[in-house]
Structure formats: structure tokens, C-alpha cells
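J.: I'd like to ask you about the structure that follows.
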């Protein structure tokens, strides 16, 4: 429809003749009878319009003006006007009417058919070039829309990729910080482990010296001497040995190489014995108050670990009071049936509580749930974060719990709760029974294997004083030879020895004699390896006294004789 030619010649036969001439040249033609029909057909679509000059009245020119003003930028609609031969000059109105038609071909009549057809074909080709321009403009518009869409998608992908890269960078930074924290913790742990090994080795050698001094002092006390001053000197020296023994016990506890054997202890007595150590540890600017309950608070715990826990809490309290303050250590017994002890299956007799309270800076509420976590510390760059976690682990392993209460500016209170244990009501009977057991076992033969000559000599002489028959060996290999010669009634062996340690010798001994009674006497031991072989009840921690040695030997001999 856009390639047709519109014809308007309202007078005479001009319209029919032009239509026939153009149709004969295979040009599609549509004849319009008036201006309204012509405007309607132009809006539907056409390539050009041929009209006569006399049809250009004012109405037609106004309609053409409005139509041409609305055409798109690519369009310049062509007109072919058949003008009448002018014998005189055209009027201004006629020239103005023709000028309104911007793309105009003016043919003066009479018009040759070929001229008319040529003008129509030229107008048609011009219109087709406009159609091609329209197509190109449409393609450019489509391309522009496509490019804009692609740009929008690309910008969206760039934004997503940027967000992904930012997120990945954040994760990488967090991982780097976490790795740095873990590496710092590992280095700190390695330092602590190395320090622990050094401390344990020093404590082992110190224990051997104390052991020799202790046993020789006891042997002096048993001599019949007239000088009372000698006994007094020996007693005072033994008291110093006991203090050194407690110190090495604390060093071994720090090194985590001490045998952790829970035994019945009075919390009040433990705290009184370490009051001086706590006072020195917290310093003179902190006032120490002990508020201990009247009756004994018996619990089954490892004494060294209990002392380390209280000391750890006391040092933490000191650090929370840089300007000084008050440190209070309280004990309390809550019998069964009292709130906090009733209905709890682990506390059938009630609870014994130790509370360490300070008047320091306090802990924010949002951190209270984290204080027992490993490696968590409120001391920036000044703590390992292991102290409170070790205290919590000790309390849980002892069948109890740890509870923290604190408020910023109001101080901190940490309560350790343990199951209450029955008191030693039959202590006298047990002591007497132990004495009788020692007397009954005095004819037993004991093989002592110890690499330190001084320690070995003191142990041999002590056992001989107690009435036992003794054989001795200077190391594991010599001890194994003695075992192969004859089976002793009991093997008493040290742990740290050259070439073959005590655990390895015990394994060989149990291969030779499955039921042989064994005691491990040591101040430093891989207790996991020892306890797998003989159990914690068969370990003697150096230094020990004559009565402890005799009771342990008798108990081990009796235990092996008793039916299982």
C-alpha cells in the first residue's frame, strides 16, 4: 500500500486518464474524489500524490500543511502538480499554495504521458529511498536498544562480580586474621609447652634431692640419740622439705606432668595452707580475707589442681584490681534439700562451694558466657585465655561446676561447686589397719630399680629399716636381669631412667610375671603411660616419708593377694 500513487483531479476526465496511463506502466493508482478522501488515503500509506493545480484551494492547502507538519523526520512526502498553462503571471496566493508543498514537481499542461509517468516513477523512487532511510533508522534504534540492554546486563554483572570480589576479600581478610590468631595461640602454646617441659625436668631433679633429704631426716629421727637438739634440727629440716615438696608439686601441676589422683581433702585446710602463697601472689595492694565455714568441707579432688585453680582465680582477681581492692575467698556447705543442692543427682550429700570474689572492674554482661572458653581473654595482649578454661575443666572433671557472676564496676565472683564427700570417720582404724598390714608384709622381698645412687640408697635403707628384704638395680636393663634371676614380692621402680624407662621395665616385668605387685616412685612421669599399666593407685609421688612408703608397699601387696 505504501508504493501506490494517489491521484486527485476533481474536474473533467483528468483523473481517469492519468490513472489509466499509470496503470498501463504497472504503477498502482488510487483516485481520490476530494480532499478529505485524499488525506485519509495518505494517512493509510502512499508513495506520492498527483493532483491538479485547480484543486489546491484553501481547505486543501491547510490540510496538507497540517499533514506535513506531523510527518516523521525521515519523511519528505512528494507531490506532482499539473499546472495549467499560464498566459499571465501567477497570483501570490497560487505561489504560496505551491510553496506549502516542499517536495514538489510541477508539470505544465498539456503533459505528455511519458513525462507524467517519468515524474511518477521519480517520486516513487524518492519515496522508496525514504522508506530505506526509515528502515535504517529503525535498525539503528533497535541496535541502540540492544546495546543499552547489553550495557545494563554488563553493568549488573560487573556490580555482582564486584560484590562477590568484595565478599571474597572480606572472607580472605577474616581467614587471615583467624589464621594469625591461631598461629599466635600455637606459638604461645609451644612456648608454654617448652616452659612446662623445662619446669617439669627441674622439678624432677629437685624432687629427687628432697626425697633423699626427707628419708635421711626420718632415719635420723628414728635413731636413738641423747641430744634433743638433733631431733629438733631434723624436725625443722623436714618441715622445710615439706614446703619444698609442695612447691615442686605446684611446678609439676603447671607442667601438667603430675599424677592427678583425686583424694579426700578438706577445702578449708587446703585454703589455709596456701593463704601465704595467695597473699604473696596478689601483692600488698590487695587485701586478702578468708571467710571459711566452721565445719570441715570434705571433697574428693586433686589437691595440687585445686590449689592451682584457687591461685589462678586469685591472680585473675588481682589483675582486675590494678588500683588495689579486696580479695575474699569463702567456703560454704549446702546440704541436700537446700536450694542449689537438692534434686541434683551428682550431689546426694549436698555441695561444698569455694567462692573467689573481688572488688575489681567487673566483666560486661555480653562476655559472661565466654569467660570459660579456651583462648578467650579480657586482658588484651596480656593473657593466654587458658586459665579460666583450665579451672572450668578441673571443676567439671571433679564432678562439679563453675559459675561466674559479675557486673561492670561491681567486681566479679566465681564459685566452684563440688559434691560433698563423707568425712574420714574411720581414720584411726584405717591407720591402725595400715600399721598391721606393714607388720604382716615385712618378710617380703622388694626389688628397687633407681638410676640416682643417692635416691636408691635412701630408698633401700628406708625399706630395710621398715623390715623388708631388698634387692637393687641401677637402671632398667639391670632391673630386668634381676627380675629374670628371681621373682621379687614387689617391684619398686623409678620412671625416668636411661635406655629403658620405668614404663618399659614394667611392661617387661608383667610379661615375665603377670601378677607381680608394682609401685612406681617418681617425681615426674608420663602418667597416661603408667596408669595404663598399673593404675593411679600404684604411684608414689616423690618426696614421700617412711610411713607413706610402708603403707603403699603393704597396700600393693595386699591388693594383689585379694581376690578380684
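Residue numbers (our numbering): 3 to 566. Glycine included, each C-beta is placed from N, C-alpha and C at the ideal position.
1) Which term fits residue 362, buried or exposed, when burial requires 16 or more other beta carbons within 10 angstroms of its beta carbon?
2) I need the DSSP call for residue 120, collapsed to helix, strand or coil.
3) Please report the residue range of the beta strand (DSSP E) in which residue 104 lies.
4) Judging by CA-CA distance, which residue of 83, 68, 4, 179 is the nearest neighbour of residue 129?
5) Who does residue 70 pair with in a DSSP beta bridge?
6) For residue 323 and residue 412, I'd like the C-alpha separation in whole angstroms.
7) Strictly by DSSP, which residues pair up with residue 450?
8) Taking the alpha carbon of residue 108 as the point to measure from, which residue in 450, 80, 127 has its own alpha carbon closest?
9) When the Cα atoms are used, what is the spatial distance from residue 143 to residue 35?
10) Could you give the distance in angstroms between the alpha-carbon of residue 555 and the alpha-carbon of residue 492?
11) Could you give the distance in angstroms between the alpha-carbon of residue 351 and the alpha-carbon of residue 423?
12) Tell me the residue span of the beta strand (DSSP E) that contains residue 415.
13) Using a 10 Å radius around the Cβ and a threshold of 16 neighbouring Cβ atoms, would you call residue 8 buried or exposed?
14) Apart from the five residues on each side of it in sequence, which residues of its chain come closer than 7 Å, Cβ to Cβ, to residue 490?
15) Do you know whose CA, among 461, 355, 21, lies nearest residue 336's CA?
16) Hey, quick one: how far does the beta strand (DSSP E) through residue 296 stretch, first residue to last?
17) Going by DSSP, what residues sit across from residue 265 in a beta bridge?
18) Please report the Cβ distance between residue 575 and residue 520, rounded to the nearest whole angstrom; I am assuming they are in contact, meaning their Cβ atoms lie under 8 Å.
19) Tell me which same chain residues have a C-beta within less than 8 Å of the C-beta of residue 366, skipping the five on either side of it?
20) Pick out whichever of 242, 290, 238, 308 has its Cα sitting closest to the Cα of residue 271.
21) How long is the line joining the alpha carbons of residue 545 and residue 524, rounded to whole angstroms?
22) Since residue 279 is in the alpha helix (DSSP H), which residue starts that stretch and which ends it?
23) Rounded to the nearest angstrom, what separates residue 216 and residue 398 at their Cα positions?
24) Take the Cβ of residue 478 as the centre, count every other Cβ of all protein chains shown within 10 Å, and call the residue buried at 16 or more, exposed below.
25) Three or more C-beta pairs closer than 8 Å, one from the region 140-155 and one from the region 39-54: is that the case here?
26) If contact is defined by three or more beta carbon pairs under 8 Å, each pair taking one atom from either stretch, is the region 98-108 in contact with the region 10-21?
27) Pull up the distance between the alpha-carbon of residue 33 and that of residue 84, whole angstroms please.
28) Hey, quick one: how far does the alpha helix (DSSP H) through residue 336 stretch, first residue to last?
29) Here's the rule: buried if 16 or more other CB atoms are within 10 angstroms of the residue's CB, otherwise exposed. What is residue 132?
30) Rounded to whole angstroms, what's the CA-CA distance from residue 176 to residue 156? Just pull it up for me.
31) With C-beta atoms as the reference, is residue 395 less than 8 Å away from residue 420?
32) Just to confirm before moving on: does the CB-CB distance between residue 69 and residue 41 stay below 8 Å?
33) Starting from residue 460, follow the alpha helix (DSSP H) in both directions and report where the run begins and ends.
34) Could you check where the beta strand (DSSP E) with residue 359 kicks off and where it finishes?
35) Any idea what DSSP makes of residue 5, helix, strand or coil?
T.: Taking the geometry as given:
1) buried
2) helix
3) Unbroken run through residue 104: none, as it is neither H nor E.
4) 4
5) Partner(s): none; residue 70 has no beta bridge.
6) 11 Å
7) 474, 494
8) 80
9) 39 Å
10) 8 Å
11) 7 Å
12) 413-421
13) buried
14) 447, 448, 449, 473
15) 355
16) Note, residue 296: premise wrong, no beta strand (DSSP E); not H, not E.
17) 303
18) In the structure as shown, the chain begins at 3 and stops at 566. Residue 575 is therefore absent and cannot be evaluated.
19) 410
20) 308
21) 8 Å
22) 277-284
23) 35 Å
24) buried
25) no
26) no
27) 15 Å
28) Counting along the chain, residue 336 falls outside any alpha helix (DSSP H), though it belongs to the beta strand (DSSP E) covering 327-337.
29) buried
30) 30 Å
31) no
32) yes
33) 455-467
34) 352-360
35) coil
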